[in-house]
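Below is one structure; the comments refer to it alone.
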Amino acid sequence: MFLHFEFVDLPFSTSEDFLKREFSAFGEIAEVKLIKDEAMQRSKGYAFIQFTSQDDAFLAIETMDRRMYNGRMIYIDIAKPGKRDFQGLPRTSGPPEKSDVPEEAANDEVADCWY
Numbered sequence: 461m462f463l464h465f466e467f468v469d470l471p472f473s474t475s476e477d478f479l480k481r482e483f484s485a486f487g488e489i490a491e492v493k494l495i496k497d498e499a500m501q502r503s504k505g506y507a508f509i510q511f512t513s514q515d516d517a518f519l520a521i522e523t524m525d526r527r528m529y530n531g532r533m534i535y536i537d538i539a540k541p542g543k544r545d546f547q548g549l550p551r552t553s554g555p556p557e558k559s560d561v562p563e564e565a566a567n568d569e570v571a572d573c574w575y
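461 is the number of the first residue of the sequence shown in our numbering; add one for each residue after it.
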């Protein structure tokens with residue numbers, strides 16, 4: 461699984477091609493998603509980039525986070541999972557289900573750890 465990284469405070473003139481060019485210097489990019497205001501036909505000032513290597517992604521963060529670009533300081537962080545990342549499933553599955561191990565056997569294993 462690849463981590464997505466969120467880039468915020470990008471200049472409104474930023475394009476996906478620009479992001480691909482700039483950040484491919486750190487490694488292979490799997491996906492670039494520039495969030496746009498469709499009515500204004502320009503960037504909303506943030507994007508998501510996914511690298512094929514986690515090490516490359518962290519190198520990009522270390523190098524580019526809090527850098528000035530076109531008069532704006534850009535911030536880079538690991539993106540938080542959205543609803544679509546879980547394909548409609550709840551983020552947690554609830555409390556653990558009942559174990560098939562008899563309770564006394566489980567208690568014996570715990571006791572063995574302490575004696």
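Where is the CB? At the ideal position from N, CA and C, for every residue including glycine.
Just so it is clear, the structure is predicted and the values come from calculations on it, not from any experiment.
Counting along the chain, where does the beta strand (DSSP E) carrying residue i start and finish?
i	result
F508	R502 to F511
Figure out for me which residue from the options has the closest Cα to the Cα of residue i.
i	options	result
F465	Q501, M533, T512 and M528	T512
I534	K540, Q510, I509 and G505	G505
K540	M528, I509 and A490	I509
S503	I536, I538 and F478	F478
L494	R532, I538, R481 and S475	S475
K496	Y529, K480, E482 and P471	P471
Q501	V468, R532, S473 and D469	S473
I538	R481, N530, E498 and D525	D525
V468	R527, N530 and A507	A507
T523	I536, A490, N530 and R481	I536
A490	K480, I521 and Y529	K480
In the structure shown, what three-state DSSP assignment does residue i receive?
i	result
F486	helix
E466	strand
K496	strand
Y575	For Y575, the predicted structure reports a pLDDT of 48, less than 50, and the residue's modelled location is therefore unreliable. The matter cannot be settled from this model.
T552	Caution is warranted here: a pLDDT of 49 is assigned to T552, below 50, making its placement in the model unreliable, and the coordinate value is therefore given only provisionally. Coil at T552, not helix or strand.
Tell me the DSSP bridge mates of residue i?
i	result
F472	Answer by DSSP bridge pairing: none, since F472 is not bridged.
D537	E466
R532	Y529
First and last residue of the alpha helix (DSSP H) that includes residue i?
i	result
D516	Q514 to M524
Inset, instruction - Flag this pair as touching only if the segment 486-499 and the segment 513-530 have three or more C-beta atom pairs under 8 angstroms; answer yes or no. - result: yes
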